[in-house]
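19 is the number of the first residue of the sequence shown in the working numbering; add one for each residue after it.
No residue lacks a Cβ here, since even glycine has one placed at the ideal position from N, Cα and C.
Input: a single structure, listed below in structure tokens.
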Amino acid sequence: MIRTFTRPIPLGLALAFCTLIPVMTAAVSVVQIPLGALPEDSRRLAAVPVAFFLHALAGFLFGVLGPLQFVRALLLRFGTLHRLAGRVFVLAGAGLALSGMAMLLQVESITTGLLDGARGVFGLALFAALVMGVAAARARDMLRHQAWMIRAYAVGMGTGPAALVLFPIYLMTGEPPMGLASDVVVVGMWLLTIAAGEWVVRRHALPRPLQPAHVFDSQTPRDDRP
Numbered sequence: 019m020i021r022t023f024t025r026p027i028p029l030g031l032a033l034a035f036c037t038l039i040p041v042m043t044a045a046v047s048v049v050q051i052p053l054g055a056l057p058e059d060s061r062r063l064a065a066v067p068v069a070f071f072l073h074a075l076a077g078f079l080f081g082v083l084g085p086l087q088f089v090r091a092l093l094l095r096f097g098t099l100h101r102l103a104g105r106v107f108v109l110a111g112a113g114l115a116l117s118g119m120a121m122l123l124q125v126e127s128i129t130t131g132l133l134d135g136a137r138g139v140f141g142l143a144l145f146a147a148l149v150m151g152v153a154a155a156r157a158r159d160m161l162r163h164q165a166w167m168i169r170a171y172a173v174g175m176g177t178g179p180a181a182l183v184l185f186p187i188y189l190m191t192g193e194p195p196m197g198l199a200s201d202v203v204v205v206g207m208w209l210l211t212i213a214a215g216e217w218v219v220r221r222h223a224l225p226r227p228l229q230p231a232h233v234f235d236s237q238t239p240r241d242d243r244p
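Next up, the structure:
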């Protein structure tokens, strides 16, 4: 049912649902950090307030703009808005990756090496995917651009589905799930999200790139037949 760019509303809704918890958490953190009202389990991140705030803000923007960028109707009808939002999306993704790696290096970890390693690798992968996507757009290879943006979003918001599994446990126990088991769930769901993004790229992308409506020649196509 979910078909990239041909059935955009179901795809957008699916992305919004899967990333709802991390997006809402990021939005709350954007307010809490300047006020110094962090919950107990996040206070250690106050050691790097700038990186933490940038990470939360970038995560919120990246998570909100992602589903909108994949809506075909917006691309065709509002091409300029799509490009402007795309620039913010790329900057937010880069900020998300770089601030995440900065926190990984500067803040004492409370997770296992498995999750720490995954955060480092996927942070680099997110940044690389964004670079490839921008390069493809500059080369006017829009199909490849779309593919790399899908990959970037899958990597950047890959913990969203894990939150759907772990957040109910947090609500029931009052404590965030910790330890190897929860880290395995997070990394496993992260990999599954990346695999799902790749599946979308390979199986449901259009065979040719889309262009905004305003770039098409308004004149009647010329008939070159003799």
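Item	Value
Residue from Val-66, Ala-32, His-73 with nearest C-alpha to Val-46	His-73
Exposure label - Gln-124; buried when at least 16 CB within 10 Å	exposed
Same chain, Cβ closer than 8 Å to Glu-216, neighbours up to 5 away in sequence not counted	Arg-169, Ala-172
Where the alpha helix (DSSP H) containing Phe-185 begins and where it ends	178-191
Residue environment, Arg-137, which counts as buried when at least 16 other CB atoms sit within 10 Å	buried
Where Asp-159 falls: helix, strand or coil (DSSP)	coil
Residue from Leu-75, Val-48, Gln-87, Ala-64 with nearest C-alpha to Leu-99	Gln-87
Span separating the alpha-carbon of Val-204 from that of Thr-177	6 Å
Where the alpha helix (DSSP H) through Ile-39 begins and ends	38-53
Proximity to Phe-78 [Cα-Cα], best of Leu-133, Arg-105, Val-89, Val-48	Val-48
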